[in-house]
Each structure stands twice: as C-alpha cells, then as structure tokens.
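With mature numbering (1 follows the signal peptide of the UniProt record, and there is no 0) applied, the sequence shown corresponds to residues -24 to -1, 1 to 448, in that order. Here a beta-carbon is modelled for each residue, glycine too, at the ideal position from N, C-alpha and C. Bear in mind that the values here come from a model prediction, so they are computed numbers and not experimental data. Structure first, then comments.
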Amino acid sequence: MKLRATIARFLSVASLAMVGTVASDIGDFVPQAEGATGGVVVLSVTRRGILFDNATFHMVNITIGGNSQSAILSLDTSTSSMYVNSDCEIDFPVADYMCRKYPKYDPGASDTSELLNPPRDRTPAKYADNVKIGNLTLEKYDFFVRTATESTQLTGRLGLAHNKDSIASDLVARGVINSNAFGFNPGLMNKTGSLIFGGIDTKKYRCHLERFQHPVLDKDSRDRILLGVEMTGASLTLPGMPYKAFDSASVNPYNYTYPRGIPYVTRSETVFSAFPARLFHAIGKSIPGAQYEQDAFSEQGKSTTVDNTTFSRVGYSVPCSPSLEGTISFTFGQTTHISVPLSSFVVQQTRTLCLLAMTATNPEDLDTYAIGSVILDDAYMAFDWANYAIWFGELDDCGSNIVPVDKGKDAFPVMDGCNCPKTEHPQDPKDDPKDEPKKDQKKGVAAPSTAYLSPSSLALVALLIAAVTLLD
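Pasting the structure below:
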C-alpha cells in the first residue's frame, strides 16, 4: 500500500510538472522584475516635467562607469543613439537652471571610460563605458557625451529608433534578447510606466494592438529609420456643443496613396504633434478662445515657408486658465482610438503663454508629420524592428503579463489586453469551429485543447500506471 501511494503521488507530481513545462513552452510567462531575465530587459518609466507642470517627458534612470554615475535619460523614439550631458551652457536662464538639476556624466571620473571619437563640428564626443540598465550591465557600450546642450535637450536621451548602433540592436547582438523589439508603456497618470526590451506587457493596453508597417527614412540621417502610424480620423467634443468630426479633406488633404491615411511618425521626445495645415487650422478654429499665433515658436527654431505660409513657428494660443473642458480624439488605422482631454492638450510655454499641443508642417516632408508625447501619453506602442512594424493601441492597466518576443516574421505575440468587449469573443461552443485548432497566445501557433505530453513522457506514465495496477 505504501509503495502504491508513493507511486501514485509521484505520478501526480510528474504529470503536473510536465503540464507546467508545456504551459511555459506555449507562452505562459510570469511577469519579470527589472533586469535581464526571461529574454527581456525591463526599465521603469516616469513622467517628469521639464519646464512647466503639464509639459512632461518619459524618463528612465541608468548608471554609467566604474564609479556608477547616475544618469536620467528622456526616451526618444526618433533618435537611435544614447546621449548624456557633461555640463550645461544654455542661454535660456530657466532651461539652464533645470538642466543643472539633473546629474551629469564625467568620463574622467570613470576608470572604465574610453574615448572613441573626439568632438568635431556639430558631432559630440563618442565614448564607450559600462552602462547599467535595470540589473543588466552592458560593458563597453558606445554613446555620445555633450559638453553643451540646447534648450530642448535638458537631459540625456536614450534613442529608440533603429540602426545598427541602437540599444535594442546591441542587446540582440549580445544575446540578451531574442528579437529587436520593445514595448513602451508611458504609464497612466501618477503611475510608473515601463520600457521592455525584447518583450511586451499584454496588461497595459486596451483589448488589442493594431499593426502598422510604414517605415520612413529620416531625412536627417540616411541610416536611421522611423515608423509611422496612419491617422484616419479626428474629432472634437466640447461641453454644450454637438460632436464634431473633421472631414477627410482635413485629415488627409494631400491624398497620399497609403492604404488608409497619412503615416505619422511617433516622437516621444517632443510635446507638440505636427499636423497637416488644414487639420491644424480646423482644430484651432473649433476651440473657443483659441487665437492663431504666427510667431508662437520664434525662439525655438527657424521657420519653414511653403506657398508663402510659415509652418514650423505657427501655433494656437489659449488662455492658461481656467482649463479647457472637452476631449479631442484621433483614430489610427481601423480600430485604434486615442482620446486626450483638452486640458492635457494645452502646453504652457511661458508663465503667460499657453498653446495647443500642435503645429503645422511642410507637406513635402513626410517624416515631419508626427504624433507628440501629449497624444502618446495615452497610447501603448510596441516596436517590432525585426519586421519594421509598430503595434499601436490605447493605453490601459489591468495588471502585468510580460511576454518575450521571439525571432521570425510572425513571432510577435498577438494577445488580448484589457477590457475586450464580450461580443468579440463568443462563449457559445457552436461559435467555435471544431475542425480548427485553438490559437495560442502567439500568432500562428496552435495550442492543444489538452496538455501535450511527449512520447517519452507518455511511456513513463504508462509504466507507472501499470505498476499501480499490478499492486492491486
């Protein structure tokens, strides 16, 4: 009897162990803590104001050098390199003050730093040093060190665009992650977000992510590629006024021949979105109290003139108080809707000047159509650089489930997120064709309806069952 009980217990434990192994093989991954575990590297993301409270950027903390110097970097989806500041020389007093509040990197104080290229012309010095992200240390990682910063570069930057030197490419080359992909969760207001190299968090977006595949060559760098999402609609809801949807002539005025609309590059490093002039003016003229400002950005760069119209310096100002009420919404692709409170769509440029978070751009420069951080704050993005695709959806939060991204054309995990409508997933058995295998959490992988055991495992189970039978 004791022997039979022992064998029975072993059979039970062995079966559970085998089933657990199979579950892991088909994508039942446990959320990971920060560090390089399970084929992913996770960094915490926080929103921080640079000059004024409502102009926030997405920041990560890293350490550099043998003496572990702290560095705070803003995430930049349109730059492919890492930049750190070594000092501040900014003419704008408030910006200079803010820059000096952030830690600086001193290569001379690190016994592991190596100068690769001295500064020349407008290119900063390039160094190699040990860089720690999460619990992972990258030895001799290349990055740029700026000795003087511009007013828009108060902190260091971690470039997330694609080229052979990007941090995601480096992690793949080192064998830390399987695929050149990462998930970016900016974090709901007052919550910490995450940057996951080599994986995504399926509990940080609403229902599903929509795939876009529109690589855009950055005109400022021939070896840097950006990714665009197609805007297909825009609308405005104001209290006491009828809902207003902007017509297609405003959303896609130049009749670009993309499948559904104009591709917009995602630019997490800038607050302002760059719209076609018609959409820009349609929105501005629809908001009560908004005033067109020809030189709204006169201190921030040169203008671009097309057909006698100045583009890069124009804006719509609004009263800084009270806050605007209402919602502005954007549709991307077929099913992705991002809604932004109008109070968040206002950026305080100075103590007395507030602008809507948009500008107009040159229609000839396709890579200048852009979605800025004010809109991206409400979006989840997953960049699949191995296939030059971006997966885009509405931000949500219903827990955490980190899933690594494998190699291959169809390896990106297509999984439901938070709050999917029940109507999209019928529970009636007759709605589930019996002749089709159930799909696993990863696209294109059929998961068995019962736990699968290998032939050797089945043989072991058969022997154990036979032993129990003989004992009877």
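Name the two residues that bound the continuous alpha helix (DSSP H) containing residue i.
{"i": "G175", "result": "Where G175 is concerned, there is no enclosing alpha helix (DSSP H), although the beta strand (DSSP E) it sits in stretches over 175 to 177."}
{"i": "D141", "result": "Taken as a continuous stretch (DSSP letters only), D141 belongs to no alpha helix (DSSP H), as it is neither H nor E."}
{"i": "F256", "result": "253 to 262"}
{"i": "V60", "result": "No alpha helix (DSSP H) contains V60, which is instead part of the beta strand (DSSP E) from 58 to 61."}
{"i": "S319", "result": "Run containing S319: none; DSSP gives neither H nor E here."}
{"i": "S224", "result": "224 to 227"}
Taking the DSSP output, what are the residues bridged to residue i?
{"i": "G369", "result": "Y356"}
{"i": "D52", "result": "G135"}
{"i": "S297", "result": "Beta-bridge pairing links S297 to no other residue."}
{"i": "F388", "result": "None; F388 has no bridge partner."}
{"i": "C330", "result": "V294, Q324"}
{"i": "residue 473", "result": "Residue 473 is absent from the structure shown; the chain starts at -24 and stops at 448."}
{"i": "E269", "result": "G291"}
{"i": "Y219", "result": "For Y219, which the question treats as bridged, DSSP gives no partner whatsoever."}
{"i": "R24", "result": "F33"}
{"i": "E245", "result": "Bridge partners of E245: none, in fact."}
In this structure, how does DSSP classify residue i when only helix, strand and coil are distinguished?
{"i": "D118", "result": "strand"}
{"i": "M74", "result": "helix"}
{"i": "L147", "result": "helix"}
{"i": "I314", "result": "strand"}
{"i": "P413", "result": "Because P413 sits at a pLDDT of 38, beneath the cut-off of 50, its placement in the model cannot be relied upon, and the following sentence gives the value as read from the coordinates. P413 falls in the coil class under three-state DSSP."}
{"i": "P83", "result": "helix"}
{"i": "A362", "result": "coil"}
{"i": "T286", "result": "Caution is warranted here: a pLDDT of 33 is assigned to T286, below 50, making its placement in the model unreliable, and the coordinate value is therefore given only provisionally. Here T286 sits in strand by DSSP."}
{"i": "F347", "result": "Correcting the residue identity first, residue 347 is Ile in this sequence and not Phe. Correct three-state label for I347: strand."}
{"i": "V192", "result": "strand"}
{"i": "K278", "result": "Low local confidence applies: a pLDDT of 42 at K278 is under 50, so the model's placement there is unreliable, with the coordinate-based value given in what follows. Here K278 sits in coil by DSSP."}
{"i": "S44", "result": "coil"}
{"i": "S211", "result": "strand"}
{"i": "R98", "result": "coil"}
{"i": "T335", "result": "strand"}
{"i": "T88", "result": "coil"}
{"i": "S(-1)", "result": "Note that S(-1) scores 24 on pLDDT, short of 50, meaning its location in the model is unreliable; the coordinates nonetheless yield the value given after this. DSSP places S(-1) in helix when its eight states are reduced to three."}
{"i": "T113", "result": "strand"}
Tell me the residue span of the beta strand (DSSP E) that contains residue i.
{"i": "I40", "result": "32 to 40"}
{"i": "V107", "result": "101 to 109"}
{"i": "R187", "result": "186 to 188"}
{"i": "F306", "result": "303 to 308"}
{"i": "A157", "result": "157 to 161"}
{"i": "V379", "result": "378 to 380"}
{"i": "L130", "result": "L130 -> no beta strand (DSSP E), and no H or E assigned at all."}
{"i": "N154", "result": "Unbroken run through N154: none, as it is neither H nor E."}
{"i": "L164", "result": "Careful: L164 lies outside any beta strand (DSSP E) and carries neither H nor E."}
{"i": "N395", "result": "Counting along the chain, N395 falls outside any beta strand (DSSP E), and DSSP gives it neither H nor E."}
Whole-angstrom Cβ separation of residue i and residue j, contact assumed at under 8 Å?
{"i": "V17", "j": "G110", "result": "6 Å"}
{"i": "I38", "j": "L49", "result": "6 Å"}
{"i": "G163", "j": "R23", "result": "6 Å"}
{"i": "S244", "j": "H34", "result": "6 Å"}
{"i": "L134", "j": "L203", "result": "That belief does not hold up - the Cβ atoms of L134 and L203 are roughly 17 Å apart, past 8 Å."}
{"i": "T328", "j": "C296", "result": "7 Å"}
{"i": "M226", "j": "A258", "result": "The residue asked about is misnamed: residue 226 is Ser in this sequence, not Met. Sure, about 4 Å apart at Cβ, within 8 Å."}
{"i": "V205", "j": "F368", "result": "5 Å"}
{"i": "G15", "j": "S86", "result": "The Cβ separation is near 29 Å, so there is no contact."}
{"i": "A250", "j": "A355", "result": "Wrong, their Cβ atoms sit about 16 Å apart, outside the cutoff."}
{"i": "K179", "j": "C394", "result": "6 Å"}
{"i": "L92", "j": "D118", "result": "6 Å"}
{"i": "D141", "j": "L114", "result": "Going by Cβ atoms, the distance from D141 to L114 rounds to 13 Å, so no, they are not a contact pair."}
Going by beta-carbon coordinates alone, are residue i and residue j separated by less than 8 Å?
{"i": "S57", "j": "P79", "result": "no"}
{"i": "V121", "j": "Y81", "result": "yes"}
{"i": "A101", "j": "K116", "result": "no"}
{"i": "A336", "j": "G348", "result": "no"}
{"i": "M217", "j": "I238", "result": "no"}
{"i": "G175", "j": "V381", "result": "yes"}
{"i": "I201", "j": "P191", "result": "yes"}
{"i": "T53", "j": "T242", "result": "yes"}
{"i": "A157", "j": "F308", "result": "no"}
{"i": "P83", "j": "T123", "result": "no"}
{"i": "I314", "j": "E370", "result": "yes"}
{"i": "D177", "j": "I378", "result": "yes"}
{"i": "F173", "j": "A144", "result": "yes"}
{"i": "M357", "j": "F160", "result": "yes"}
{"i": "N302", "j": "L212", "result": "Strictly speaking, residue 302 in this sequence is Gly, with Asn absent from that position. Cβ distance < 8 Å, so G302 and L212 count as in contact."}
{"i": "Y181", "j": "D372", "result": "yes"}
Please report whether the beta-carbon of residue i lies at a distance below 8 Å from any beta-carbon of chain B.
{"i": "V121", "result": "No chain B appears in this structure, which consists of one protein chain only."}
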